[in-house]
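A short write-up of the structure that comes next.
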Amino acid sequence: MKVQSSKLRVQSFGIILFLLAAFYILPPATYADEKWPGVDESVVEKYAGEHGREAREPLINTDQGDLLLFVFLLAGAVGGFIGGYNWRTLTEKRTNKVEILKKNI
Amino acid sequence: MKAQSSKFKVLIFSLFTIYCSLFTVSNAYAMHISEGILPFNWAALWSIIAAPFVAYGLYRLKKLSVVDLSFKPLVGLMAAVVFIISCMPIPVPTAGTCSHPCGTGISGILVGPAISILVAAVALLIQALFLAHGGLSTWGANIISMGVMGSLAGFLTFKASRSMKINMAVSGFMAGLFADWATYFTTSIELASGIKGSSPFLPLFWKILIAFIPTQLPLGILEGAMTAGMVVLLYKKRPDLLVKMKVLKPEEVAI
Numbered sequence: 001m002k003v004q005s006s007k008l009r010v011q012s013f014g015i016i017l018f019l020l021a022a023f024y025i026l027p028p029a030t031y032a033d034e035k036w037p038g039v040d041e042s043v044v045e046k047y048a049g050e051h052g053r054e055a056r057e058p059l060i061n062t063d064q065g066d067l068l069l070f071v072f073l074l075a076g077a078v079g080g081f082i083g084g085y086n087w088r089t090l091t092e093k094r095t096n097k098v099e100i101l102k103k104n105i
Numbered sequence: 106m107k108a109q110s111s112k113f114k115v116l117i118f119s120l121f122t123i124y125c126s127l128f129t130v131s132n133a134y135a136m137h138i139s140e141g142i143l144p145f146n147w148a149a150l151w152s153i154i155a156a157p158f159v160a161y162g163l164y165r166l167k168k169l170s171v172v173d174l175s176f177k178p179l180v181g182l183m184a185a186v187v188f189i190i191s192c193m194p195i196p197v198p199t200a201g202t203c204s205h206p207c208g209t210g211i212s213g214i215l216v217g218p219a220i221s222i223l224v225a226a227v228a229l230l231i232q233a234l235f236l237a238h239g240g241l242s243t244w245g246a247n248i249i250s251m252g253v254m255g256s257l258a259g260f261l262t263f264k265a266s267r268s269m270k271i272n273m274a275v276s277g278f279m280a281g282l283f284a285d286w287a288t289y290f291t292t293s294i295e296l297a298s299g300i301k302g303s304s305p306f307l308p309l310f311w312k313i314l315i316a317f318i319p320t321q322l323p324l325g326i327l328e329g330a331m332t333a334g335m336v337v338l339l340y341k342k343r344p345d346l347l348v349k350m351k352v353l354k355p356e357e358v359a360i
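Just so you know, the protein sequences line up as chains A and B, in that order. With the numbering used here applied, the first sequence corresponds to residues 1 to 105, in that order. With the numbering used here applied, the second sequence corresponds to residues 106 to 360, in that order.
In structure tokens form, the structure reads like this:
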């Protein structure tokens, strides 16, 4: 059990170190002028633009300044809460009320 | 020992969260086809094709929710997973671009393809409305690529792998991998057919598909790993739920 646990630790740290190293060591082969564009920009909109199709402004345009960061953060927080709540509902051990009463008596 | 182990898990989780938060802060652009990219006739066609899938998903959800109350939290969990995963831009260092996994592989396995399509449709609608991600006119096309193709590819790959007696983790990995790749394959078809104009379809399709590869090849592997992790975790925590959802046979749990 102890050996397994330390193995897990080494593996987890190894993965984190590898991910960090990947970011600092590997040179990004960026397609666009901008760094880290989304594939919608570097692929979808690029080829659509070449064929005369441009993206339109969305109906509710939240892509204005830091507003988009805010809505993404909000969406992540709400989504995370809903996911966590449901995960807990699914995995928690339901203790029988009668058993609790018996133990207390 | 146990307390130490859980502390360690919390530390690892926190480090990973900080890591993701720091390095995924970039433009929130990702994969869905943006508003206005597809001409009206193509956008309408994909919406018409998507509509019966979404309607059937609604019907299945209603039917299953009445029969089994424990089904609702699982659908809620999958809805949150698909929503978060499909709007989380992940940088791919080897390509220098960002994209996101789809999450429909795991939802296809756990709640079935019909409800997974519905979950994806809702996630895509919220993203199109409030996150400037995807679009209302391209909603149908995005449902077909991410919802229909992603869910079906994940579900069918998992079923096929399990029928070949491949273990749970590898089956989950393959399902996630093919769900991701099927999504981008379909996006390439939708995009090429929509924007080609008078030029031939196939050369443009291959051009788009090849352009997706440097980003989606590693992301597909990541999605596979995530899917395998979630399936194995649920197998350990709630094998009865997997039996109920027909992901596993009862005798497989007994072993």
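All C-beta atoms in this analysis are idealised placements derived from N, C-alpha and C, irrespective of residue type, glycine included. Being a predicted model, the structure only gives us computed values, none of them experimental.
Closest in alpha carbon position to SER175 of chain B, among A:VAL43, A:GLU34 and A:GLU92, is A:GLU92. Rounded to whole angstroms, the gap between the alpha carbons of ALA274 of chain B and ARG267 of chain B is 10 Å. Within the stretch 137–150 of chain B, the residues whose Cβ lies closer than 9 Å to some Cβ of chain A are HIS137, ILE138, SER139, GLU140, GLY141, ILE142, LEU143 and PRO144, listed in chain order. With contact defined as three or more Cβ pairs closer than 8 Å, the stretch 153–171 of chain B and the stretch 238–250 of chain B are in contact.
Bounds of any alpha helix (DSSP H) do not take in ILE142 of chain B, whose DSSP letter is neither H nor E. Interface with chain A (7 Å Cβ-Cβ cutoff): VAL187 of chain B is excluded. For a cut-off of 8 Å, the C-beta gap from SER212 of chain B to MET183 of chain B is around 4 Å, short enough to register as a contact. Between the C-alpha atoms of PRO144 of chain B and ILE300 of chain B there is a straight-line separation of about 7 Å.
Pairing PHE263 of chain B with ILE326 of chain B gives a Cβ-Cβ distance that is not under 7 Å.
At the C-beta level, ARG88 of chain A and GLU140 of chain B stay beyond 7 Å of one another. Between MET331 of chain B and THR288 of chain B, the C-beta gap is not smaller than 7 Å, which leaves the two residues out of contact. Taking LEU230 of chain B as the centre and dropping the five residues before and after it, the same chain places no C-beta closer than 6 Å to its C-beta. Separation of the CB atoms of THR209 of chain B and MET269 of chain B is rounded to 22 Å, and the pair is thereby denied contact status at 8 Å. Legend: CB atoms of the stretch 304–325 of chain B lying less than 8 Å from CB atoms of chain A belong to residues SER304, LEU309, LYS312, ILE313, ALA316, PHE317, PRO319, THR320 and GLN321. Of the other Cβ atoms in all chains shown, 16 or more fall within 10 Å of the Cβ of ALA333 of chain B; this residue is therefore buried. For the C-beta of LYS301 of chain B, the chain A residues within less than 8 Å are, from N- to C-terminus, HIS51. In chain order, ALA237 make up the part of chain B whose C-beta sits under 7 Å from the C-beta of ASP63 of chain A. When 8 Å is used as the limit between beta carbons, LYS342 of chain B is near these residues of chain A: LEU90 and THR91, in chain order. In summary, ILE138 of chain B is buried, with 16 or more beta-carbon neighbours lying within 10 Å of its beta-carbon over all protein chains present.
Put simply, the backbone Cα of LYS7 of chain A is about 38 Å away from that of PHE290 of chain B. In the DSSP assignment, THR202 of chain B falls outside any alpha helix (DSSP H) and lies within the beta strand (DSSP E) extending over 202–204. Looking at the DSSP output, GLY38 of chain A sits in a beta bridge with B:CYS203. DSSP places ILE60 of chain A outside any alpha helix (DSSP H), giving it a letter other than H or E. Looking from the CA of PRO218 of chain B, the closest CA among B:LEU257, B:VAL180 and B:ALA226 belongs to B:LEU257. For ILE294 of chain B, there is no enclosing beta strand (DSSP E); the residue is part of the alpha helix (DSSP H) that begins and ends at 273–300. SER42 of chain A has a beta carbon lying within less than 7 Å of a beta carbon in chain B. In this structure the stretch 36–43 of chain A lies against the stretch 195–203 of chain B, because at least three pairs of beta carbons, one per stretch, are closer than 8 Å.
In the DSSP annotation of this structure, ILE195 of chain B is not part of any alpha helix (DSSP H); the continuous beta strand (DSSP E) holding it starts and ends at 195–197. A distance of 7 Å or more separates the beta carbons of ALA185 of chain B and GLY65 of chain A. Spatial neighbours of ILE190 of chain B in its own chain (CB-CB distance under 6 Å, excluding positions within 5 residues in sequence) are listed in chain order as PRO206 and GLY208. Ranked by Cα distance from PHE188 of chain B, the options B:ALA265, B:ALA226 and B:GLU356 are led by B:ALA226. With respect to HIS51 of chain A, GLY162 of chain B sits apart: the two C-beta atoms are not nearer than 7 Å.
The residue from B:GLU357, B:LEU353, B:TRP147 and B:LEU179 with its alpha-carbon nearest to that of ILE249 of chain B is B:TRP147. For LEU229 of chain B, no Cβ of chain A is located within less than 7 Å of the residue's own Cβ. Annotation: SER170 of chain B has no Cβ neighbours in chain A at a cutoff of 9 Å; minimum Cβ distance is about 14 Å. In this model, THR62 of chain A and VAL71 of chain A are separated by some 8 Å (Cα to Cα).
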